[in-house]
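Chemist: Here the working numbering is used: the first residue of the sequence shown is 663, the next is one more, and so on.
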Amino acid sequence: MALIQIRGLRKRFGDGDVIQGINLSIEEGEIFGLIGPDGAGKSTLIRMLTGILAPTEGEISLRGIDVVQDYEEARSVVGYMPQTFGLYGPLTVEENLRAVARIHGVRGAEFKKRTERLYKFSGLGPFRDRRAAQLSGGMRQKLGLSCVLVHQPQILLLDEPTVGVDPVSRREFWEILHTLTAQGTTILISTPYLEEAERCHRVAFLKEGRILEVLDPRELHSFFPYATCDIYAPQIRGLLGRLQERLAPPVVFLSGDHIHLICEKKLVDSGKLEQTVKKLCPEGTHIKE
Numbered sequence: 663m664a665l666i667q668i669r670g671l672r673k674r675f676g677d678g679d680v681i682q683g684i685n686l687s688i689e690e691g692e693i694f695g696l697i698g699p700d701g702a703g704k705s706t707l708i709r710m711l712t713g714i715l716a717p718t719e720g721e722i723s724l725r726g727i728d729v730v731q732d733y734e735e736a737r738s739v740v741g742y743m744p745q746t747f748g749l750y751g752p753l754t755v756e757e758n759l760r761a762v763a764r765i766h767g768v769r770g771a772e773f774k775k776r777t778e779r780l781y782k783f784s785g786l787g788p789f790r791d792r793r794a795a796q797l798s799g800g801m802r803q804k805l806g807l808s809c810v811l812v813h814q815p816q817i818l819l820l821d822e823p824t825v826g827v828d829p830v831s832r833r834e835f836w837e838i839l840h841t842l843t844a845q846g847t848t849i850l851i852s853t854p855y856l857e858e859a860e861r862c863h864r865v866a867f868l869k870e871g872r873i874l875e876v877l878d879p880r881e882l883h884s885f886f887p888y889a890t891c892d893i894y895a896p897q898i899r900g901l902l903g904r905l906q907e908r909l910a911p912p913v914v915f916l917s918g919d920h921i922h923l924i925c926e927k928k929l930v931d932s933g934k935l936e937q938t939v940k941k942l943c944p945e946g947t948h949i950k951e
């Protein structure tokens, strides 16, 4: 059964279409990935699915509910986690969960029951009295996901939820996602990480607002026209800016102690990427593909 149905979806800003005629069907219990360069339309597509942005043309239904016509009802079956989730830094883990739960009318014994379950599978139980501002990046993302889950949505919309999170926390985050799908939750997730896309059941490659292909993750490496690399260097922030100026890669950002970069395969295969990195930072650099 398809829980997410998209037909002829189009979004125009000014004179240009940022989403151009997308048709998509996502099944119950599926993890569906969105990949593509920055500006491909991934975030815009997800925001339209939440009802935050109205489409210029087309239809969106979530569990049979028309998102445009029945926004409030659609919102009750969806959990949305944007790139930056708005946690209340001065509040504790439990206070953040309680604040979100109240919005959805979850109180008393039911709140306690749900939070205990969330603590158990997220590992946040020992930190329930810690302020959100004092949590690590990985723990903040787990809290953000727990807040999204407190009203028990059937569909999760996640916009690059693990960017900047350390590899161990990313792996734990994905273990939680697979636990949720085993329980019937349907997940649409955008990610800049090719190895994360490989954890999905199916993946759509977006470019310039169009879906070029819907793939089995095992087909990604043959189709994906880019290579992903992690760059380690002693002066990482300075190198980041210089790489952006010199190569203008589709995706480049700091991720913990390294730079995560997606660039054209020919830059890697020809050795140009390595030459450029060595020229910009001659000592102590290491590139991991």
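We treat Cβ as the ideally placed atom computed from N, Cα and C, and that holds for glycine.
For MET743, report the span of its beta strand (DSSP E) as first-last.
Modeler: Its beta strand (DSSP E) spans residues 740-743.
Chemist: For the beta strand (DSSP E) that contains CYS891, what are its first and last residues?
Modeler: Residues 888-894.
Chemist: DSSP three-state call for VAL830: helix, strand or coil?
Modeler: It is helical.
Chemist: Taking three-plus beta-carbon pairs below 8 Å as touching, is the stretch 846-861 in contact with the stretch 702-711?
Modeler: With a cut-off of 8 Å, the stretch 702-711 and the stretch 846-861 count as touching, because enough Cβ pairs lie within range.
Chemist: By Cβ distance below 6 Å, which residues in the same chain neighbour GLU858 in space, the five residues on each side in sequence not counted?
Modeler: Hits under 6 Å: none found.
Chemist: Alpha carbon to alpha carbon, how far is ILE668 from GLU690?
Modeler: Taking the straight line from one Cα to the other gives about 14 Å.
Chemist: Any idea which residues DSSP pairs LEU724 with across the strands?
Modeler: For LEU724, which the question treats as bridged, DSSP gives the partners ILE666, ILE727.
Chemist: Can the beta-carbon of ARG779 be found closer than 8 Å to that of VAL755?
Modeler: For ARG779 and VAL755, no; Cβs fall outside 8 Å.
Chemist: In angstroms, rounded to a whole number, what distance separates the CA positions of ASN758 and VAL680?
Modeler: Looking at the two C-alpha atoms, the distance is approximately 34 Å.
Chemist: Expressed to the nearest angstrom, what Euclidean distance is found between the alpha-carbon atoms of VAL914 and PRO788?
Modeler: About 34 Å.
Chemist: Evaluate THR746 with the Cβ neighbour count: other Cβ atoms within 10 Å of its Cβ, from every protein chain shown; 16 or more gives buried, anything less gives exposed.
Modeler: So THR746 counts as exposed.
Chemist: Would you check whether the ligand ATP has a heavy atom nearer than 7 Å to the C-beta of LEU935?
Modeler: Questions concerning the ligand ATP fall outside what the structure shown contains, since it holds no ligand whatsoever.
Chemist: Just to confirm, is the Cβ distance from ARG760 to VAL739 under 8 Å?
Modeler: No; because the gap between Cβ atoms is not below 8 Å, this pair is not in contact.
Chemist: When you compare only the Cα positions, how much space is there between GLN937 and ALA889?
Modeler: Cα to Cα, GLN937 sits roughly 16 Å from ALA889.
Chemist: Where does ILE817 land, buried or exposed, given buried means 16+ other C-beta within 10 angstroms?
Modeler: By the neighbour-count rule (16 or more Cβ atoms within 10 Å), ILE817 is buried.
Chemist: Where does ILE714 sit, in a helix, a strand or coil, going by DSSP?
Modeler: DSSP places ILE714 in coil when its eight states are reduced to three.
Chemist: Cα-Cα, which of LEU942, LEU686, PRO823 is closest to VAL810?
Modeler: Out of LEU942, LEU686, PRO823, PRO823 has the C-alpha closest to the C-alpha of VAL810.
Chemist: Please name the residue, chosen from PHE783, GLN682, GLN814, TYR894, that lies closest to GLY767 on a Cα-to-Cα basis.
Modeler: The residue with the shortest Cα to Cα distance from GLY767 is GLN814.
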